[in-house]
Each structure stands twice: as structure tokens, then as C-alpha cells.
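> In full-length UniProt numbering, the protein residues as written are 1 to 337. Handing you this structure, nothing more for now.
What follows is the structure in C-alpha cells.
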């Protein structure tokens, strides 16, 4: 039986990949959750339409648009804490339509902060991204690393992060910033590299189309990212802090593809698809998280860390994508912008 904790938590972007997993975990942990989902005429709550039976109908849904300050105020009213995940995150699309990234990521964050300040919200956890660091100047990357806007997406997230910190410093709004490194797992969009590889292999393709394969990433299984959010939400020591959530394990895209093919028991060959390549100076060549601050302040550690943890996370991800009902929702033969 789920025991409800006092107070209500608003999760923006609850219909997305990480947001839906986070909403489920919060409900299972006993939180009273209001899930802010992007309004659409299909009355769809995104991935929350596919949430587990244990939590279905156990949370409130609010449909709106994070860019609308009045709608955001209505969503925030009556909530004690906010986990703000709503954002545009696809890097290729940010080359296509950068203006929408400013409106959604910066202005949307401002709307949340203004409402939180006005209604006296007790805690705001704002979601950053490892992309704000750009190509690593040193490794592992700690929170003091220089910020580099190498894409319109990362620039918009730098702006949103600074807006959040400014509210903490200017108005004492109780803000914490979580900075997840590359999260992967069930339900992730095909615009990300791991689902791109898995769905092509699962669809029977032997020639796998990718962009650059030499860059390295610090992949974080979604359960670890979710536990990071909850740890920051619960911790008073996180106020005013930026905290990396990463596995402290670096792996190249090439090795990632090879590991996935091994786990799936398929032979593949990788070809470079020019349309998937970022502009030369926009490619982030290296990401590797220093997660010591999360360990120190939150007592958080990744359960799926290291090489074997990565393989285990991939096995669980592959199992989900290999389900025909799940795979049918992806278009493996198309490049997802």
C-alpha cells in the first residue's frame, strides 16, 4: 500500500522519458504528485499513458505549456515542491529552430521560478545537462568546469541554469540544480544514440547508421538519474548547489555500439551518416562525470556504475526495446531529428 507523504510535488515534463520514470518512482515512494504534461489534442499524457499498473491513476495530470506563465502559475498553485524537467532537448533540432529553445528552456524556466517565488514553494529542483560543459577541458568534469555553449540547446540550458541560480541569490528562492550526464533506458527517444543503435539492430539491420563514433560519454541508467532527483529533492544540503549526477565511467560511441551488439548477439557494421554529424565545432568530444559532490552532499551513488553496471543497464534497456509493442513505436529506418 502506498503511504502518501505530506505536501504536493509538481513534476514538469512528466510525460517525457525521465519525467515519466520519475513520476512513477515518486508515487511509489508515497509522494502526492501533480504531473505537468504538454497539452495536445489527442489528450495524451505521453509515456505516462504507459505507466505501471501500480501507479496508474494515482497522480494528478495537468495539461499545459511551460511557455505560458499563466498556465504555469495554475500548475504551481497548491504545490510545495517542484521538479522542473520540461525542456526541448534534441540537439539537432536546436540547429533547426533555436528560437523555440530560448522560449521553452529559458522563458519556461523563468515562468516556473516566478510562480515558485510568488507561491512560496519550499523547493525547486531545476534540471540542467552535461552538455553545458561542452568538450571536457579536464576529466573527470566537476561542477567548477567552464560552461561552453557548443549548440543552441546547450546555450539555452546554460541560460536556464543561470536564471535558476539568480533566483536563489537574488530572492532566496530555494533552488537546487541537478546536472545529469547522458541518461538512457526504456522509453528514451530515438533521437538519442543508444535507442538509435538498439532499434536498428532489433529491426534486423546489419548496417547501423550513426554520426561521430569517437566522442565519449558518461552514460547514466535512468533509475540512477531518478534516484539522483529524489536525493536532491530530500536534501537541504543541495540548496543553491549544482550537482552532477553521473556514473564516473567514460565510454566511446564506438564501444557502446559494439557492447550493444554483443549483448544482443548480433554482428553489425557501423557506417557514418553525414546528416547525423554535428557541425565540427559543435560536437562535444568528451564527457566524463566527477560525481564526488553527489556522494558527499547526498550520499548518492550509481547502482549501474562502471563497465558491468553499464552492461546491466543496456540489458534492461534492450529487453524493453525488444518487446514488439514497444519497438513498434519507433521508426528505426528514419533519422529522428
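From the three backbone atoms N, C-alpha and C, an ideal C-beta is built for every residue, glycine too.
Use the C-beta contact count for residue 29: other C-beta atoms within 10 angstroms, 16 or more gives buried, fewer gives exposed.
Exposed, because fewer than 16 other Cβ atoms sit within 10 Å of the Cβ of residue 29.
> Please report the residue range of the alpha helix (DSSP H) in which residue 127 lies.
Looking at the DSSP string, residue 127 is not in any alpha helix (DSSP H); the run it does join, the beta strand (DSSP E), is 123-127.
> Which runs of the alpha helix (DSSP H), 4 residues or longer, sit entirely within the stretch 228-299?
For the stretch 228-299, whole alpha helix (DSSP H) runs of length 4 or above, ordered along the chain, are 253-264, 292-298.
> Nearest to residue 178 by alpha carbon, out of 81, 102, 244, 52?
Minimum Cα distance to residue 178 is reached at 244.
> Does the separation of the CB atoms of residue 273 and residue 233 fall below 8 Å?
Against a cut-off of 8 Å, the Cβ pair of residue 233 and residue 273 comes out as no contact.
> Let me confirm a value: residue 20 is counted as buried when at least 16 other C-beta atoms fall within 10 Å, else exposed. Which label applies?
Answer is buried; the Cβ neighbour count reaches 16.
> In chain order, what are the residue ranges of uninterrupted beta strand (DSSP E) at least 3 long that sit wholly in the stretch 68-144?
81-84, 123-127, all fully within the stretch 68-144.
> What residue range does the beta strand (DSSP E) around residue 180 cover?
Element bounds for residue 180: 175-180.
> Tell me, to the nearest whole angstrom, how far the beta carbon of residue 153 is from that of residue 94; I am working on the premise that it is less than 8 Å.
Indeed they touch by this definition, with Cβ atoms about 4 Å apart.
> With a CB to CB cut of under 7 Å and the five nearest residues on each side skipped, what residues in its chain are close to residue 54?
Taken in chain order, the residues that qualify are 28.
> Beta-carbon separation of residue 282 and residue 148 under 8 Å?
No. Outside cutoff.
> On the DSSP bridge list, what partners appear for residue 32?
The partner list for residue 32 (beta bridge, DSSP) reads 8.
> Under DSSP, the beta strand (DSSP E) around residue 159 begins and ends at which residues?
Element bounds for residue 159: not the beta strand (DSSP E) but the alpha helix (DSSP H), 152-171.
> Does residue 210 come out as helix, strand or coil in the three-state DSSP assignment?
Correct three-state label for residue 210: strand.
> Please work out which residues of its chain come closer than 6 Å, Cβ to Cβ, to residue 191, disregarding the five sequence neighbours upstream and downstream, and give them in chain order.
90, 336, listed in sequence order.
> Looking at the structure shown, is residue 1 part of a helix, part of a strand, or coil, going by DSSP?
With a pLDDT of 37 at residue 1, under the threshold of 50, the modelled position of that residue is not reliable, and no figure is offered here.
> According to DSSP, which residues form a beta bridge with residue 183?
For residue 183, which the question treats as bridged, DSSP gives the partners 220.
> Going by other Cβ atoms of all chains shown within 10 Å of its Cβ, with 16 needed for buried, is residue 169 buried or exposed?
When all chains shown are included, residue 169 counts as exposed.
> If you draw a straight line from the C-alpha of residue 5 to the C-alpha of residue 25, how long is it?
Distance between the alpha carbons of residue 5 and residue 25 is about 13 Å.
> I need the straight-line Cα distance from residue 165 to residue 257, nearest angstrom please.
Answer to the nearest angstrom: the Cα atoms are 37 Å apart.
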